[in-house]
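To keep things clear, I will list the structure first and then write my remarks on it.
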Amino acid sequence: MIRAHGRLNMLTAPRLDRTIQRTLDRGGTRIILDFSEVEFLDSTGLSVIILGMKEARSGGGDLRLVAPGPQPSLVLQLTKLDQVLLASDDLMAAWIA
99 MIRAHGRLNM LTAPRLDRTI QRTLDRGGTR IILDFSEVEF LDSTGLSVII
149 LGMKEARSGG GDLRLVAPGP QPSLVLQLTK LDQVLLASDD LMAAWIA
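As structure tokens, then:
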């Protein structure tokens with residue numbers, strides 16, 4: 099599980115991207131992103147999530163979000179990514195889904 103916090107924007111998204119890429123490079127295909135402490139998500143953060151999801155899925159896995167807050171949830175809804183990116187309220191639900 100990868101924990102993100104604060105603002106996920108053009109300044110902080112590269113760090114999350116590197117963490118996701120390291121996980122994929124080590125053979126991890128099921129990535130759980132804990133978004134319970136993410137206050138803000140912009141298009142740069144969104145693209146990191148989409149790229150990670152695509153790469154995980156191409157390796158037979160998936161990328162899922164746990165507990166996205168109000169603003170990140172709104173961004174996912176507005177972009178309709180909530181229809182392709184699985185998000186759960188808790189960690190157990192993310193693993194089982």
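Residue numbers (our numbering): 99 to 195.
Think of the CB as a built atom: it goes at the ideal place given N, C-alpha and C, for glycine as much as any other residue.
As the structure is a computational prediction, the values presented were derived from the model and not from experiment.
Rounded to the nearest angstrom, the Cβ distance from L179 to R162 is 12 Å, too far for a contact under 8 Å. In this structure, the CA atom of I100 is about 11 Å from the CA atom of R128. Comparing alpha-carbon positions, the option among G126, D188, P170 lying closest to E153 turns out to be G126. Collapsing the DSSP output to three states places R124 in coil.
Distance from the CA atom of P166 to the CA atom of T121, rounded to whole angstroms, is 21 Å.
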